[in-house]
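Notes follow the structure.
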DNA sequence: AATATTAATCGTATATTTGCGATATAAGAT
DNA sequence: ATCTTATATCGCAAATATACGATTAATATT
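Residue numbers (the numbering used here), protein chains in the order written: chain A, 2 to 112; chain B, 2 to 112.
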């Protein structure tokens, strides 16, 4: 790749892309689903549910956390995660804004 | 990676992830924006607008097309693209369904 | 027919992602 | 103090993604 071109795009474009990237893996979607189903914050449970090694799950959790989609706190020897609904709503709004706004304009396909 | 684990997840999880992956790059979001702004289907215009080489833009267009988010037809020596609103709506619905449905259940964060 | 224009594809270099085992860390239990 | 238990991190291998220039293909133009 040699040169990063992502910087040439707008902040909004980058933010939306980063959000999409965070949920662009089925494992991370599965994790979000588990976290959303139980209000109780889980962690090791996710490892049991997903067909992935503990280290891999931990890595996916880290990515989701870095993207701001989940919150995590240490509770003794275990970690408690949950969905950050606010971040989620923010991104959903940005998403809808970008594409619904535009949709009203034209609607019909041309090809 | 050696072993693909994506197959271990549900179809819905994979579809949603694939959709997210398609829009997980700022260049592709920028392309979608351009296509949505003009009902007229563009192609070479995108190359002029984006800070990327023609081959790179073509590659991004291909990915968007493969993901079903845009439609493309050849018009003589040029290609005409436009947004596939139906696919977009379908995925937006799946998206909202997955996360809004769950959101109603609990709403409050626990961490 | 020869040339220009437009876009797709090929080949290639580099970067990033994904996944795992091994190890480290940190707190609770014995 | 030692031993579990739970989780994060490190180091590595393999796969994918990103980007570009060069080439090809297909159609208009001259």
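The beta-carbon is built from N, C-alpha and C at its ideal position, and this holds for glycine as well. Nothing here was measured: the structure is a model prediction, and the numbers come from that model.
- With fewer than 16 other Cβ atoms inside 10 Å of its own Cβ, residue 38 of chain A counts as exposed.
- Contacts with chain A at 8 angstroms (Cβ-Cβ) include residue 22 of chain B.
- Nearest to residue 83 of chain A by alpha-carbon distance, out of A/10, A/65, A/91, A/51, is A/65.
- According to the DSSP assignment, residue 72 of chain B belongs to the beta strand (DSSP E) that extends over 71–76.
- Assignment of residue 25 of chain A by DSSP, reduced to helix, strand and coil, places it in the coil class.
- Using a 10 angstroms sphere on the CB of residue 58 of chain B, the tally of other CB atoms reaches 16 or more, which defines it as buried.
- Scanning A/12, A/8, A/30 for the CA closest to the CA of residue 95 of chain A turns up A/12.
- Across the structure, residue 35 of chain B and residue 32 of chain A are spaced so that their CA atoms are roughly 33 angstroms apart.
- If you draw a straight line from the Cα of residue 62 of chain B to the Cα of residue 23 of chain B, it is about 10 angstroms long.
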